[in-house]
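Have a look at the structure below, then the notes.
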Amino acid sequence: MPRLTSKNGEIEFGPGKPTLLVNDQLRVMDQSPEVLSELREGKIDKLLELARMGADIGTDVVDVLVTHADLDEVELLPRVALAVHEEIGCPISLDTRDPLALEAALKAMQPYKVMVNSVTAEPEEYEKLLPVCAKYGAVVVGMPIGKIHGLPKTVAGRIAETEVILQAARRYGIPREDLVIDAICLATSAEADSMQVTLETLRALEQDLGLTTILGIGNAGHGMPTQLYIDLAYLVAAVPWGLHAALVNPLTPGLVETVRAVDFL
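Residue 301 in the numbering used here sits at position 254 of the sequence shown, and the numbers go up by one each step.
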């Protein structure tokens, strides 16, 4: 079962544990031009404010994504991760596919165990990222998108790409308990029938492979006028199918209270 640590303590998540809620709002590409201008000047106050907001509402982890053409990710990712951890004290998820930025941030976050979001089943990607994850003992989110099926639209395709990630992780010495697999939540406005495939993928990952699962719930209602309500409905529906962790917008109405009620039920 995956385990994250921080100065606030340890969190285990997976089957039988409360749903892990990850604040997904520190995505630099979604910030206003004013925030980007401040970031170029080295100011991270707005990102810290978003992290505090999520913690006050009740999310468990902060996902830090600072990839942007106008920013130095190798410098900025460890600085933001450390600042958020110092400010909030919660576990950190590093959302990057830049091996240099990843290593800088993982090194800076020692001795804490963080999550890396995410590594696909494409060899040119996992061959660069998995050795770094293994070196620092990170929990790895596997995204089952790869050479064989591309972005799979079937359960079988997602499981096949998951097996590629499992084999690669094993070669690099990453234990199975440090793996979390994303079952892939697609925008229902564009992929109207995709939810059932995702739910069945969650069940297969948990019951057949014994894996811990995650979804980026913000994709569910993307493009819809009532996005946050659709996101929450998707999340609530997914938990009984085997969802253990979710990247969420903390401003979703009733998010924490509803998810904790589902966990209880």
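Backbone N, C-alpha and C fix where the C-beta goes; we use that ideal spot for every residue, glycine too.
First through last residue of the beta strand (DSSP E) which encompasses residue i
{"i": "LEU262", "result": "259–263"}
{"i": "GLY270", "result": "Unbroken run through GLY270: none, as it is neither H nor E."}
Closest Cα partner of residue i within the set the options
{"i": "LEU233", "options": "LEU147, PRO222, GLN274, LEU258", "result": "GLN274"}
{"i": "VAL286", "options": "ILE261, LEU141, ASN296", "result": "ILE261"}
{"i": "THR201", "options": "LEU279, ARG307, ALA230", "result": "ALA230"}
{"i": "ALA237", "options": "ALA102, ALA267, VAL227, LEU226", "result": "ALA267"}
{"i": "GLU57", "options": "LEU141, VAL306, VAL108", "result": "VAL108"}
{"i": "ARG99", "options": "ASN296, ASP255, LYS175, ASN164", "result": "ASN296"}
{"i": "ARG87", "options": "ASP77, GLY61, ILE206, ASP119", "result": "ASP119"}
{"i": "HIS115", "options": "GLN78, GLY105, GLU174, ALA102", "result": "GLN78"}
{"i": "THR305", "options": "ILE104, LYS90, GLY89, GLY204", "result": "ILE104"}
{"i": "PRO272", "options": "ASP240, ALA308, THR235", "result": "THR235"}
{"i": "THR106", "options": "ALA308, LEU312, LEU294", "result": "LEU294"}
{"i": "GLY371", "options": "ALA239, VAL283, GLY289, HIS291", "result": "The chain is shown from 48 up to 312; residue 371 falls before or after that span and cannot be answered."}
{"i": "VAL163", "options": "LYS175, GLU174, GLY189, ALA155", "result": "GLY189"}
{"i": "TYR159", "options": "TYR173, CYS180, GLU174, LYS175", "result": "CYS180"}
{"i": "LEU97", "options": "LYS90, SER84, ASP117, ASN70", "result": "ASN70"}
{"i": "PRO178", "options": "ALA155, GLN214, TYR219, ARG205", "result": "TYR219"}
Proximity below 8 angstroms, CB of residue i to CB of residue j
{"i": "PRO199", "j": "GLU208", "result": "yes"}
{"i": "THR259", "j": "PRO49", "result": "yes"}
{"i": "ILE212", "j": "PRO191", "result": "yes"}
{"i": "VAL187", "j": "ALA151", "result": "no"}
{"i": "GLY193", "j": "GLU169", "result": "yes"}
{"i": "ASP145", "j": "ASP110", "result": "no"}
{"i": "VAL131", "j": "ALA148", "result": "no"}
{"i": "THR66", "j": "ASP310", "result": "yes"}
{"i": "LYS93", "j": "VAL82", "result": "yes"}
{"i": "ILE139", "j": "VAL161", "result": "yes"}
{"i": "GLY289", "j": "GLN243", "result": "no"}
{"i": "ALA292", "j": "PHE60", "result": "yes"}
{"i": "ILE264", "j": "LEU282", "result": "yes"}
beta-carbon residue i near the ligand ATP non-hydrogen atom, thresh 7 angstroms
{"i": "PRO287", "result": "Judged by which ligands are present, the structure shown has none, so any question about the ligand ATP falls away."}
Contacting residues, own chain, Cβ-Cβ under 7 angstroms from residue i (five flanking each side not counted)
{"i": "THR299", "result": "LEU275, ASP278, LEU279"}
{"i": "VAL127", "result": "ILE91, LEU94, VAL111, VAL113"}
Cut-off 6 angstroms between Cβ atoms - residues of its own chain near residue i, not counting five sequence neighbours on either side
{"i": "LYS54", "result": "GLY136"}
{"i": "LEU123", "result": "VAL113"}
{"i": "SER84", "result": "none"}
{"i": "LYS175", "result": "PRO146"}
Own chain residues within Cβ distance below 8 angstroms of residue i, not counting five before or after
{"i": "GLN157", "result": "TYR183"}
Residue interval of the alpha helix (DSSP H) (run including residue i)
{"i": "VAL202", "result": "202–218"}
{"i": "ILE104", "result": "92–104"}
{"i": "ASP310", "result": "302–311"}
Cutoff 8 angstroms: residue i Cβ touching any chain D Cβ
{"i": "GLY61", "result": "Absent from the structure is chain D; it holds one protein chain and no more."}
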